[in-house]
Amino acid sequence: MGSGKLSNLRILHLEKACYSKSSLELLESVGDVDYREFSTQEQLRAHLEDHSYQVIITKLGFYLGAEELKNQDQLEFLLTPTTGLNHIDLDYADKAQIKVLSLKGESEFLARIQSTAEHTWTLLLSLIRNLIPAHKHVNQGGWDRIPHLAQELNTQTLGIIGLGRLGKILVKYAKAFSMRILCNDIDSSVFTDEYASYQSDLNPLLEKSDYVILQIDYRPENENLFDKKIFSKMKDGAFFINTSRGEMVDEAALVEALSSGKLAGAALDVLKGDSAWESESKDNDLLRYAREHDNLIVTPHMGGYGRISIEMTRDFITKKFIKSI
3 MGSGKLSNLR ILHLEKACYS KSSLELLESV GDVDYREFST QEQLRAHLED HSYQVIITKL
63 GFYLGAEELK NQDQLEFLLT PTTGLNHIDL DYADKAQIKV LSLKGESEFL ARIQSTAEHT
123 WTLLLSLIRN LIPAHKHVNQ GGWDRIPHLA QELNTQTLGI IGLGRLGKIL VKYAKAFSMR
183 ILCNDIDSSV FTDEYASYQS DLNPLLEKSD YVILQIDYRP ENENLFDKKI FSKMKDGAFF
243 INTSRGEMVD EAALVEALSS GKLAGAALDV LKGDSAWESE SKDNDLLRYA REHDNLIVTP
303 HMGGYGRISI EMTRDFITKK FIKSI
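For the sequence shown, our numbering begins at 3 and goes up steadily by one.
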């Protein structure tokens, strides 16, 4: 695109309700914004076959790849207010010369976004204190604490795999709860003086940690990183938390670790492929297990879905786009 103010861009917007009035006005000042809501991937794909856009503002829940974008010859920008990008075919976008604008790499801005870290800690506490089965018990007329004996965090060991932005926030939470902390990251430069004492190789972390939180970026080489072999190395009776991406976990191996008693429990905000799910879950071994067992909590990829974070991230991606044109 050329420099200077542009107008009359054809913009498809899939997430109007999450954008502030000021952000919507900014977008409307540079083009004709087509606000749409789709219930399924098929509906989106069919719409894109018959309508042409220069800009698509997408969200988690839909996948944009070659099949969806094959008729979008005029498409120049894809906007996604996310750090993870596995709901977009980046290779296709690169070949088609489509510029993908996201939150990935925006470290200074993201340091102020803590919703996912808060959700991770909420899952951990909910799991180990048996909050969900206790709540069900009371709703069914019970008032017996005996079946709901809680684990505690004080003096226990937390293993954090991935010491990025969120990992460092979780370290602060763990310190506030007087926990022992072990951290592992393939990038040794993250272990500055403040974090150097927490550095650990992966195997000792797995063997010693009462609670393990997976908090790494998705990369193809990390597919099924947590498999049967890795789960077998974890401390007996440990708890596992994942709020990063579901693709990093071998789901059958996790079901086996839970059902065998190797792990005492797990809490997940992500499942394989869920970044392309919209409104309804797909058939999944972990979901089937969770419906029948109280030692697995699953939430619908809502870690970053906090009121403050939503407004900040949508405003940021909008302004980033305006600067790009």
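Heads up, the beta-carbon is just placed ideally off N, CA and C, and yes, glycines get one too.
Quick caveat: nothing in here was measured; it's all calculated off a predicted structure.
query: Distance CB(Q76)-CB(S54) smaller than 8 Å; result: yes
query: Start and end residues, alpha helix (DSSP H) containing F323; result: R309 to S326
query: Inter-residue CB distance, I163 and Q217 (contact presumed, cutoff 8 Å); result: 6 Å
query: For I243 and L125, believed in contact at Cβ under 8 Å, the rounded distance; result: 6 Å
query: T84 beta carbon less than 8 Å from that of L112; result: no
query: Own chain partners of S277 with C-beta closer than 6 Å, once the 5 adjacent residues on each side are dropped; result: L62, N88 and H89
query: Straight-line Cα distance separating R167 from A240; result: 24 Å
query: Alpha-carbon to alpha-carbon, E44 and W279; result: 11 Å
query: C-beta contact flag for S190 and T157 at 8 Å; result: no
query: Paired residues, beta bridge with T159 - DSSP; result: R182
query: Length at least 4, wholly inside the stretch 101 to 149: the alpha helix (DSSP H) runs in chain order; result: 109 to 112, 117 to 130 and 133 to 141
query: Helix, strand or coil at D58 according to DSSP, with G and I counted as helix; result: Residue 58 is actually Ile in this sequence, not Asp. Of the three classes helix, strand and coil, the one that applies to I58 here is strand, per DSSP.
query: Among G169, S246, L133 and H295, nearest to L265 - alpha-carbon criterion; result: H295
query: Beta-carbon gap between F79 and F323 smaller than 8 Å; result: yes
query: Exposure of K7, with buried meaning 16 or more beta-carbon neighbours within 10 Å; result: Residue confidence for K7 is low, a pLDDT of 47 falling below 50, so the modelled location carries little weight and cannot support an answer.
query: 8 Å Cβ cutoff met for G305 and T122; result: yes
query: Rounded separation between G4 and L50 - CA only; result: Because G4 sits at a pLDDT of 38, beneath the cut-off of 50, its placement in the model cannot be relied upon, and the point is left open.
query: Which listed residue (S211, M314 and I327) has its alpha carbon closest to that of K23; result: M314
query: Buried or exposed (CB count within 10 angstroms, at least 16 for buried), I188; result: exposed
query: Stretch pair the stretch 218 to 228 + the stretch 252 to 259: three plus CB contacts closer than 8 Å; result: yes
query: Straight-line Cα distance separating H137 from L26; result: 40 Å
query: Residue burial classification, R114 (beta-carbon count within 10 angstroms, cutoff 16); result: exposed
query: Which listed residue (R290, M236, I58 and L165) has its alpha carbon closest to that of L208; result: M236
query: Extent of the continuous alpha helix (DSSP H) run through H49; result: Q43 to D52
query: Sub-8 Å separation of S1 and L160 beta-carbons; result: There is no way to answer for residue 1, as the model of the chain reaches only from 3 to 327.
query: From F318, L71 and S326, residue whose alpha carbon lies closest to that of C20; result: F318
query: DSSP-derived helix/strand/coil call for V272; result: coil
query: Test item: CB-CB of V57 and L11 under 8 Å; result: yes
query: Extent of the continuous beta strand (DSSP E) to which R12 belongs; result: L11 to H15
query: Span separating the alpha-carbon of F193 from that of G169; result: 11 Å
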